[in-house]
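In the numbering used here, the protein residues as written are 2 to 457. Virtual Cβ for every residue (Gly too), placed ideally from N, Cα, C. It should be emphasised that the depicted structure is a prediction, and the values quoted were computed from it without experimental measurement. Input: a single structure, listed below in structure tokens.
See below:
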């Protein structure tokens with residue numbers, strides 16, 4: 002059976018296609034179709050014609066993830082699989098771009114981009130996951146909608162905070178940990194300090210979560226406010242912004258509830274057993290992970306999230322291990338929020354965080370360590386299909402603490418040890434000295450050259 006590769010470069014409203022053989026030679030020259038019903042029918046006809054001329058063949062097709070423009074073509078190819086010997090994949094544009102850079106191509110056109118997609122399928126077939134059906138499509142759309150609403154809410158919160166600073170800055174005292182809903186409802190009625198100073202304490206107290214004592218305090222503070230903006234337009238902007246934020250919060254809550262109800266995946270329910278992961282974060286994580294079987298080891302899993310440590314060195318010689326932060330930002334953002342919540346609500350993660358901070362680790366570095374720990378726990382939960390149990394992690398840590406560290410020989414120096422007569426630099430001399438000292442300490446702790454205890 003002959004194998005052929007269909008590369009598709011998707012643009013807004015149309016796409017370019019090319020078919021290559023296993024030697025990267027074009028079998029079907031570049032052709033272009035519009036993203037319409039007629040265009041998709043023509044694509045089906047071209048594939049039908051190709052299989053007539055190549056009956057004993059199989060086509061591997063792929064599109065790049067381009068933010069949604071590729072969905073129509075991808076779904077059509079999935080449907081064509083029932084008629085043709087065809088497999089379809091969705092590729093990461095970063096991998097295709099890196100592969101094209103390795104070929105040192107100078108020009109970039111839609112035709113060349115389609116060829117780059119097909120050449121990636123040929124060169125890295127082991128890295129391509131072909132799909133029969135996209136089970137996450139509808140859930141991904143809803144997640145993207147909630148994410149968009151959350152971004153809009155954050156933008157409006159930043160805007161209203163700057164408006165409040167000039168219209169009623171004393172209210173910002175209550176917004177140090179975020180803007181509560183009662184502040185937004187207060188701003189709907191009394192957007193400026195001038196409006197609030199004329200209000201009755203009983204009317205202010207009718208707002209939910211505002212006590213009579215706090216209402217009197219708010220009115221008294223407003224009368225002594227240093228606000229510089231008391232005009233009607235500023236008040237109207239604050240009231241309109243507060244109304245929009247409350248509406249967005251209500252929509253986000255309702256959409257999250259619908260998504261949690263419709264998403265009946267066992268993996269999501271499994272992740273929610275971890276204290277710190279709610280409906281939204283569990284769904285978001287599974288949209289990124291999709292299947293834990295994609296990752297043969299927990300190291301590969303950490304690398305996908307960009308949480309794995311890498312050694313970095315700067316020009317002045319300072320070096321150390323840092324979080325790589327490679328790959329997409331969205332998985333790390335979700336995991337970061339999960340870690341913040343888990344530090345407050347999960348005793349195991351809070352214990353690890355406090356222990357590292359007390360030992361002198363910076364807080365952000367300790368949060369990164371907790372992110373890595375949570376990721377390893379999630380991998381174990383999904384791999385073994387087991388709910389979260391803190392005792393499993395504690396037992397694993399105790400087991401590792403009891404095991405003795407092995408003395409590892411440097412494989413690069415397995416044929417010759419360090420020669421003191423070698424004409425090395427001062428920096429290399431210091432590195433060798435540190436390495437020898439570390440091996441000496443390791444041997445001592447392991448009991449290799451430890452002193453013999455005195456007999457009783």
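About 6 Å separates the beta carbons of residue 171 and residue 226, which is inside the 8 Å limit, making them a contact pair. When the beta-carbon positions are compared, residue 19 and residue 64 stay at least 8 Å from each other. In this structure residue 169 is buried. Its beta-carbon is surrounded by 16 or more other beta-carbon atoms within 10 angstroms. Boundaries of the beta strand (DSSP E) harbouring residue 22: 15-22, taken from the DSSP string. Around the beta-carbon of residue 308, 16 or more other beta-carbon atoms lie within 10 Å, marking it buried.
Ranked by Cα distance from residue 132, the options 94, 162, 88 are led by 88. With respect to the 8 Å criterion, residue 141 and residue 288 are classified as neighbours on the basis of their beta carbons. In this structure the stretch 235-255 touches the stretch 186-204; the number of beta carbon pairs closer than 8 Å is three or more.
Proximity to residue 353 across 398, 381, 326 peaks at 398, based on C-alpha coordinates. Membership of residue 218 in the alpha helix (DSSP H) is indicated by the continuous run 213-224.
Within a 10 Å sphere around the beta-carbon of residue 324 sit 16 or more other beta-carbons, which makes this residue buried. The C-beta distance from residue 52 to residue 122 rounds to 18 Å, too long to fall under 8 Å, and the pair is not in contact. Around the CB of residue 277, 16 or more other CB atoms lie within 10 Å, so the residue is classed as buried.
Annotated three-state conformation of residue 28 is strand, per DSSP.
Residue 242 is not a Cβ neighbour of residue 260, given a cutoff of 8 Å.
The C-beta distance from residue 249 to residue 154 rounds to 4 Å, short enough to meet the 8 Å contact threshold. For residue 8, the enclosing beta strand (DSSP E) covers residues 3-12. For a cut-off of 8 Å, the C-beta gap from residue 188 to residue 103 is around 56 Å, too long to register as a contact.
It is roughly 31 Å from the alpha-carbon of residue 98 to the alpha-carbon of residue 370.
Leaving aside the five residues that flank residue 96 on each side, the residues in its chain whose CB is nearer than 8 Å to its CB run, in chain order, 121, 125, 128. Between residue 349 and residue 302 a beta carbon distance of about 19 Å is seen, past the 8 Å cut, so the two are scored as non-contacting.
By the C-beta density criterion, residue 265 is exposed, having fewer than 16 other C-beta atoms within 10 angstroms. C-alpha of residue 115 to C-alpha of residue 331: approximately 27 Å in a straight line.
Here residue 8 is buried, its C-beta having at least 16 other C-beta atoms within 10 Å. Looking at the DSSP output, residue 88 shares a beta bridge with 61. Residue pairing from DSSP places residue 177 in a beta bridge opposite 179.
Per DSSP, the unbroken alpha helix (DSSP H) holding residue 372 starts and ends at 364-385. Taking 8 Å as the cut-off, the Cβ atoms of residue 386 and residue 271 count as close. The C-beta distance from residue 119 to residue 21 rounds to 4 Å, short enough to fall under 8 Å.
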